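Participant: Under this note's numbering, think of the first position of the sequence shown as 663, with each following residue one higher.
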Amino acid sequence: MGNANMCKAIQEMIQDGRDEGRVQLLVTLIQSGDISLQRAAALMNMTPEEFQEKSKMIF
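1) Residue 703: buried (16+ other C-beta within 10 angstroms of its C-beta) or exposed?
2) Do the CB positions of residue 699 and residue 713 come within less than 8 Å of each other?
3) Quick one: what does DSSP say residue 697 is sitting in, helix, strand or coil?
4) What separation, rounded to the nearest whole angstrom, lies between the Cα atoms of residue 678 and residue 695?
5) Is the beta carbon of residue 720 sitting closer than 8 Å to the one on residue 686?
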């Protein structure tokens, strides 16, 4: 049982890292004017408010 929990924890950490990388890229695209906040949030399956909060946690 312990190995399964460890594998799940590692998979979640990997996914969190990927999500953070995507948010960083999308914030850069927002800042450069290439996409809107609304579009970036939609790409992450978040509301604009959720996206802003997530980006504050990363930067």
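Glycine included, C-beta positions come from ideal geometry on N, C-alpha and C. The structure presented is a predicted model; accordingly, all values stated were derived computationally and were not measured.
Facilitator: Reading it off the structure:
1) Within the sequence shown, residue 703 is the residue found at index 41, counting from 1. By the 10 Å Cβ count, residue 703 comes out buried.
2) Residue mapping note: residue 699 aligns to position 37 of the sequence shown, counting from 1. Residue mapping note: residue 713 aligns to position 51 of the sequence shown, counting from 1. Yes, the Cβ-Cβ distance between residue 699 and residue 713 is below 8 Å.
3) Numbered from its first residue, the sequence shown carries residue 697 at position 35. In the three-state scheme derived from DSSP, where H, G and I count as helix and E and B as strand, residue 697 is classed as coil.
4) Working through the sequence shown from its first residue, we reach residue 678 at position 16. Working through the sequence shown from its first residue, we reach residue 695 at position 33. So the two alpha carbons sit approximately 26 Å from each other.
5) Within the sequence shown, numbered from 1, the residue matching residue 720 stands at position 58. Within the sequence shown, numbered from 1, the residue matching residue 686 stands at position 24. Yes, Cβ-Cβ distance for residue 720 and residue 686 is below 8 Å.
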